[in-house]
Amino acid sequence: QLAKLLALDAQVSQAMQPIAPPALLERVPSIKLAMQWASNPAAAPAVATPRSGVVVDARLKRLVEQVKAGKVDAASALADMKTEEGRKAIAAAGGIAALIKLVADGTSEAKTVCARALRNLSVGAANQKAIADAGGIPPLVALLKGGPDARVENAAASMRNLVCHTENRGKIAELGGIA
1 QLAKLLALDA
11 QVSQAMQPIA
21 PPALLERVPS
31 IKLAMQWASN
41 PAAAPAVATP
51 RSGVVVDARL
61 KRLVEQVKAG
71 KVDAASALAD
81 MKTEEGRKAI
91 AAAGGIAALI
101 KLVADGTSEA
111 KTVCARALRN
121 LSVGAANQKA
131 IADAGGIPPL
141 VALLKGGPDA
151 RVENAAASMR
161 NLVCHTENRG
171 KIAELGGIA
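Here the sequence shown stands for residues 1 to 179, numbered as in my numbering.
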């Protein structure tokens, strides 16, 4: 999904260049920047998160903001970022809290997609703790109680991963997440 979004950004930027008057390109900073980034992706700004040392790309920050706004497609793009580097970057960008909010309060589709994203994020110990600390266990346990099969499977897989972190076991058991 992220690759599709980036390709679309590049296509729009390339399409704008021949038709947009140069004066417009100079006056609208977002168009100018998009065109520069499309022609040279390395020029896109990256922000280092001081605590973690993980580099968070501006495009990832934009995806997390879209998840905060309830955009299911953005959550799906985060769910598809399965590498260790991707999982760390999502956490550093604030993606865990945004996904948990949608698991708790989102639409049926949002809950399913965000449960998938949290399943993928909960692979590493640092994210297992971060998900629990951000309040992710109660809404995931609630998803286990019913709903579409994919949602229940993703919530169960998240619980399987979260229980690997010793500190999470008691919380999960208290909430009925372990039968």
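Beta carbons: idealized from backbone N, C-alpha and C, even for Gly. Predicted, not measured: the structure shown is a model, and the values here were computed from it.
Secondary structure at D105: helix, using DSSP grouped into helix, strand and coil.
Relative to G94, the option among D105, L121, K111, G106 whose CA is nearest is L121. If you ignore the 5 residues before and after D133, its C-beta comes within less than 8 Å of no other C-beta in its own chain. Of the other Cβ atoms in all chains shown, fewer than 16 fall within 10 Å of the Cβ of A125; this residue is therefore exposed. Shown here for V123: same chain residues with a beta carbon closer than 7 Å to its own, the five before and five after excluded, namely R87, N161 in chain order. For P138, the uninterrupted alpha helix (DSSP H) run begins and ends at 137-143, by DSSP. Counting along the chain, T166 sits inside the alpha helix (DSSP H) bounded by residues 166-174.
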